[in-house]
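Working notes, structure below.
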Amino acid sequence: MASLIIVSGGQEGEYLPLGRRTSVIGRAETLPLQILDDAVSRKHLRIRFEESENRYYAEDMSSKHGVFVNRRKITGETALREGDEILIGQTTLLFTDQDFDDRESALKHYKKVGEKARTTRID
């Protein structure tokens, strides 16, 4: 299964196991992952699992500010891959193919991903 980890914004460190279903993310209280960000619509982003392809797709739900995957604004369904960064409002989500038992294991995974992006210092 896959997960989303909030990597920036006021809720940094929270995560959502996606399961094999469709999840809607936004500001509405009734959503499985509520994003407390004034630039996020009540229903902002849909993450859909496609069983036949064993793949997840992101889709903007006609939000005011849009959805960006890896810094590119999406206009239709966009396939997600390990390590994709999704920006909604001022909040960045990390998509990972992994599922986690708890918040600590999700944060540990995020920190390992961040280490890969650091440059090596050469003197």
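Counting in my numbering, the sequence shown runs from 1 upward without gaps. No residue lacks a Cβ here, since even glycine has one placed at the ideal position from N, Cα and C.
Per DSSP, the unbroken beta strand (DSSP E) holding Ser-23 starts and ends at 23 to 26. Only residues of its own chain outside the window of five on either side were considered, and among them Ile-35, Asp-37, Gly-89, Gln-90, Thr-91 and Thr-92 have a CB closer than 8 angstroms to the CB of Gly-9, listed in chain order. The Cβ neighbour count for Thr-78, taken over all protein chains shown within 10 Å, is at least 16; the residue is labelled buried.
By the 16-neighbour rule on beta-carbons within 10 angstroms, Ser-23 is buried. Counting along the chain, Leu-93 sits inside the beta strand (DSSP E) bounded by residues 91 to 96. Sequence-distant Cβ neighbours of Tyr-56 in its own chain, meaning closer than 8 angstroms and more than five residues away, are Ala-2, Leu-18, Ile-47, Arg-48, Phe-49, Glu-50, Ala-79, Leu-80 and Phe-95. Counting only residues of its own chain and dropping the five nearest sequence neighbours on each side, Gly-26 has a CB closer than 7 angstroms to the CB of Ile-35, Val-40, Ser-41, Arg-42, Lys-43, His-44 and Leu-45.
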